[in-house]
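Taking it in order: structure first as structure tokens, then the write-up.
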DNA sequence: TATTGATATTGCACTATTACGATAAATATT
DNA sequence: AATATTTATCGTAATAGTGCAATATCAATA
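Residue numbers (my numbering), protein chains in the order written: chain P, 1 to 91; chain H, 101 to 191.
Have a look at this one:
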């Protein structure tokens, strides 16, 4: 074994667990903190802000995006990330 | 690599992440659900309630206890688990 | 005290997560 | 078009988490 048995739990329990898991890493908490503070920013700012390499940050951003906590707008060369207020309400 | 670089983040960010991580598994959400519903119960009830083997449940209970979300009173042969209201307030 | 019952711990197999260098992809600039 | 800039993806090493059978522990009871 080794994999979480999600199918044995309710949708609501899985939904809460998924949201909680997304915030279960300090880097992702730090990203949310930062986005709350600056309202919206480009990805590069977050990479500068965090003590992690760019690919690692990109990976964390992807996870936050996948759980719907943040969204990203492509603006030419850069990507503007911001918190999805709807998702934030769930918390 | 592979381990979370906790030392690079603030205490608050790590504290939030630790709490969130504890709730980042549906089994642990289910345990909290159950304890909220019945107020307090003995460990065996949780094992019966969950679709997981006893050692696995015991492990999840340990994690919840370690993060301070629940507490356990030894009552003779059994252990009575209940939610720590103080910890719940943090959420 | 031998047995039963409840919970915890150990040991192990398996899967998932974290981190980062290298590199790709795509737009902007020269 | 060539180059620089920004972000994503790939590949991979290291660590962490999940689940369970077997077993240990410890109180209750026969």
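Note that beta-carbon positions come from the ideal geometry of N, C-alpha and C, so glycine has one too.
### Query
Per DSSP, what kind of secondary structure is residue 122(H) in: helix, strand or coil?
helix
### Message
Looking only at its chain, what residues have a beta carbon closer than 7 angstroms to the beta carbon of residue 85(H), apart from the 5 residues adjacent to it on each side?
### Response
One cannot answer for residue 85(H) here, as it falls past the ends of chain H, which runs 101 to 191.
### Query
With residue 135(H) and residue 141(H) assumed to form a contact (beta carbons below 8 angstroms), what rounded beta-carbon distance in angstroms separates them?
7 angstroms
#### Entry: Identity of the residues DSSP links to residue 82(P) by a beta bridge
40(P) and 71(P)
### Task
Could you confirm whether any beta carbon from chain P is found closer than 8 angstroms to the beta carbon of residue 123(H)?
yes
### Task
Could you check what DSSP says for residue 66(P) in three-state terms: helix, strand or coil?
helix
### Query
How about residue 117(H): is its C-beta nearer than 8 angstroms to some C-beta of chain P?
yes
### CB contact check: residue 59(P) to chain H, cutoff 8 angstroms
no
### Task
Would you kindly check if the distance between the Cβ of residue 162(H) and the Cβ of residue 24(P) is under 8 angstroms?
The answer is no: Cβ separation not under 8 angstroms.
### Message
Just to confirm my understanding: we take residue 84(P), look at its own chain, exclude 5 residues before and 5 after, and list those with CB closer than 7 angstroms. What are they?
### Response
By the criterion of a C-beta distance shorter than 7 angstroms, residue 84(P) is surrounded in its chain by 68, 69, 70 and 71, once the five residues flanking it on both sides are discounted.
### Task
Look up residue 51(P) in the DSSP assignment and say whether it is helix, strand or coil.
coil
### Query
From residue 189(H) to residue 59(P), what does the alpha carbon distance come to, in whole angstroms?
31 angstroms
#### Entry: Selection from 2(P), 26(P) and 8(P) that minimises the alpha carbon distance to residue 104(H)
26(P)
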